[in-house]
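Peer 1: So the protein sequences, as listed, match chains A and B. Using the numbering used here, read the first sequence as starting at 424 and increasing by one per residue. Using the numbering used here, read the second sequence as starting at 424 and increasing by one per residue. Let me give you the structure first, and then I'll get to my questions.
Number of protein chains: 2
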Amino acid sequence: MSKHSFGLVQHQGLSTPAEALDASINGIHDAVAQGAELVLLQELHTGPYFCQQENAENFTLAETIPGPTTDALAKIARDKNIVIVASIFEKRAAGLYHNTAVVIERDGSIVGRYRKMHIPDDPGYYEKYYFTPGDGDSAHGFRPIQTSVGKLGILVCWDQWYPEAARLMALAGADVLLYPTAIGWEPQDDQAEKDRQLDAWITVQRAHAIANGIPVLSCNRVGFEADPHATVGDSNAGVEFWGNSFIAGPQGELLVRAPHDQASVLVTEFDFAHNEKVRQAWPFLRDRRIDAYGDLLKRYRDL
Amino acid sequence: MSKHSFGLVQHQGLSTPAEALDASINGIHDAVAQGAELVLLQELHTGPYFCQQENAENFTLAETIPGPTTDALAKIARDKNIVIVASIFEKRAAGLYHNTAVVIERDGSIVGRYRKMHIPDDPGYYEKYYFTPGDGDSAHGFRPIQTSVGKLGILVCWDQWYPEAARLMALAGADVLLYPTAIGWEPQDDQAEKDRQLDAWITVQRAHAIANGIPVLSCNRVGFEADPHATVGDSNAGVEFWGNSFIAGPQGELLVRAPHDQASVLVTEFDFAHNEKVRQAWPFLRDRRIDAYGDLLKRYRDL
């Protein structure tokens, strides 16, 4: 069986974990009603994007895997007979936290996890404070996860800008790339800059589909979240998460795309056998110059 | 001086080398009139795309560097005080030929060459018969070429599908990527497939700009070229080269784009100092996981 329906749930970063988890669960039900056998949730789906500030109290949001959120999702996975890919603020040990995507199978079991490898740190996205990068050794790192609906190449947010990450997943046999993400506009940027940023974000991920001949799902959040540092009257400071979650096919063709300002559920059926036809037509993997790629392992090439 | 005007010349694959070189030269004059300090020519610009068949007689089209074409272009480079990037069917030795892009400086001197590293071979594009892949050793391979208008990351056609190639050029300090290319539609494909292919081609190259924070120029040919194998009455067999040469900025934003069916000259001014601003806003090079990229040097990851 190479045909499977995949869905994703885009919603707002609601203020309490219970409300946010409810939004995810309602979306899962909607996706299942549309036939989804796998549902992808947005990055850190159980609340607001807390990385707008560095605040030690936020470490209390981290949870173990398994933990309360995976327990709740495992119940739904069993009840609905689906696979769920959920982004969790993972507590691995005291003082050691990751931005992790966990995969729950149809029977409710946890069959794998991916710990975000590339960690951003920019004004409004202070992730290096919270998240230890995923381990780079051969047992971890960029490894796809085998499930009943295919081999999942799960990457998270900032990873989406790195062709290396997508390629490594494809080279390890991923049937599809999945990106939980949280990205938005700074309200002070002008419209032209906002348009360039959104277009760049979609374009670079569609290109991962093209270069590797596999579909891509990207699940982002929507809604304005205020900067916790904002002073009274500075209501403009914060991030306007731009939604636009999308699903693209193995030629990078845009299949469905969510609005920039509303909760949304997208579902699409894939035939992973079609990936191979696409790769036969444009056989990029055949001709890679691995003899000449050594300097990809350097920080910079001082020729 | 970080500001420079770059141009490109898109034309048909005219039937004699003299006619085709004239078309290139006329385009160069047009680009210079529009202010270009560098002009990029299309792949194998001195004639039809001869790789639609494997025919040993075509090796007579190869020429040395320097040779007649570079001599003619060197004169224009001197006269117009410009840099020219020209794609040549290079004869390196008897029985050893490359698909090469050569860089001619304002004084007419040849300051560097790039030999196509990834060589395709598909129905209608029998390039592995004609072109030895460029050497992968550290003295050759993916090395940008320093000129008076910036450090040029020149890649050729099939290379454009490989994020590895673009990244290696960026890591070696390229200010800009330049792709001479020859790609088109097969007339028997339906319009939806043609649209997907063209969109994929533009998207993947714009993504190289985005991932690396540098502009991209891509110079393709236009016009239908019949398959030399076509039998009488099979007038449909061949390649309809799709033009659509374009220039994109360092956020992948499309700046100018040529039509699919007409000769065209595009010129755009860049400020390479702006590349650094773009990279500071989205600092992808900072966070590459070179500790975990080792398997990029494998043909496939048999985990």
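For glycine and all other residues, C-beta sits at the position ideal for the given N, C-alpha and C. Fair warning: this is a prediction, and the values are worked out from it, not measured in the lab.
Can you grab the Cα-Cα spacing for the pair P638/B / R709/A, in whole Å?
Peer 2: Using only the alpha carbons, I get a separation of about 27 Å.
Peer 1: If we call anything under 9 Å between Cβ atoms a contact, is G666/A one with V679/A?
Peer 2: For G666/A and V679/A, no; Cβs fall outside 9 Å.
Peer 1: Give a yes or no on whether 9 Å exceeds the smallest Cβ distance from V679/B to chain A.
Peer 2: No, because no Cβ of chain A sits closer than 9 Å to the Cβ of V679/B.
Peer 1: Excluding five sequence neighbours on each side, which residues of the same chain lie with their C-beta closer than 7 Å to the C-beta of P440/A?
Peer 2: T469 and G470, listed in sequence order.
Peer 1: Using a beta-carbon distance below 9 Å, is G535/B in contact with chain A?
Peer 2: No, no contact with chain A.
Peer 1: Apply the 10 Å Cβ neighbour rule to H652/B and answer buried if 16 or more other Cβ atoms are within range, or exposed otherwise.
Peer 2: Under this definition H652/B is an exposed residue.
Peer 1: Along chain B, in chain order, which residues have C-beta atoms closer than 7 Å to that of I713/A?
Peer 2: Ordered by position in chain B, the residues that pass the 7 Å Cβ test against I713/A are L720, K721 and R722.
Peer 1: When the cut-off is 9 Å and only beta carbons count, does T626/A lie next to chain B?
Peer 2: So, interface residue.
Peer 1: Which runs of the alpha helix (DSSP H), 4 residues or longer, sit entirely within the region 576 to 631 of chain A?
Peer 2: Whole alpha helix (DSSP H) segments, 4+ residues: 586 to 594.
Peer 1: DSSP beta-bridge partners for V690/A?
Peer 2: Answer is G430/A.
Peer 1: In whole angstroms, what is the alpha-carbon distance linking F482/A and A593/A?
Peer 2: Their Cα atoms are separated by approximately 34 Å.
Peer 1: Classify G450/A: buried if its beta carbon has 16 or more other beta carbons within 10 angstroms, exposed otherwise.
Peer 2: It is buried - the Cβ of G450/A has at least 16 other Cβ atoms within 10 Å.
Peer 1: From what residue to what residue does the beta strand (DSSP E) around T570/B run?
Peer 2: Looking at the DSSP string, the run of the beta strand (DSSP E) that includes T570/B is I568 to T570.
Peer 1: Mind checking P567/B: buried by the 16 CB within 10 Å criterion, or exposed?
Peer 2: Buried, by the Cβ-count rule.
Peer 1: Against chain A, with Cβ distances strictly below 9 Å, would E442/B count as a contact?
Peer 2: False, the Cβ-Cβ gap to chain A never drops below 9 Å.
Peer 1: Taking 8 Å as the threshold, find out whether the region 596 to 613 of chain B comes into contact with the region 694 to 701 of chain A through three or more Cβ pairs.
Peer 2: Touching, no, given that fewer than three Cβ pairs across the two stretches are closer than 8 Å.
Peer 1: Of all Cβ atoms in chain B, is any one closer than 9 Å to the Cβ of G573/A?
Peer 2: It does not; no Cβ of chain B falls within 9 Å.
Peer 1: Step through the CB atoms of chain E and report whether any lies within less than 9 Å of the CB of Y585/B.
Peer 2: No chain E is part of this structure, whose protein chains are labelled A and B.
Peer 1: Three-state secondary structure (DSSP) at S425/A?
Peer 2: Three-state result, S425/A: coil.
Peer 1: Applying a beta-carbon distance threshold of less than 8 Å, which residues of chain A neighbour W581/B?
Peer 2: Those within 8 Å of W581/B in chain A are D710.
Peer 1: Can a CB atom of chain B be found closer than 9 Å to the CB of Y549/A?
Peer 2: Output row for Y549/A: interface = no.
Peer 1: Identify, in the order they occur along the chain, each residue of the same chain with its Cβ nearer than 8 Å to the Cβ of Y520/B, setting aside the five sequence neighbours on each side.
Peer 2: F482, A485, F512, E513, K514, Y553, F554 and T555.
Peer 1: Measure how close the beta-carbons of V572/A and I507/A come, nearest whole angstrom, since I'm counting them as under 8 Å.
Peer 2: At roughly 11 Å, the Cβ-Cβ gap does not stay under 8 Å, so V572/A and I507/A are not in contact.
Peer 1: By DSSP, does S510/B sit in helix, in strand, or in coil?
Peer 2: Residue state, collapsed to three classes: strand.
Peer 1: Under a CB-based cut-off of 9 Å, is F565/B close to chain A?
Peer 2: At least one chain A Cβ lies under 9 Å of F565/B.
Peer 1: By Cβ distance, which residues of its chain are closer than 7 Å to A443/B, with the 5 residues on each side in sequence left out?
Peer 2: Around A443/B: G436, L437, H468, T469 and G470.
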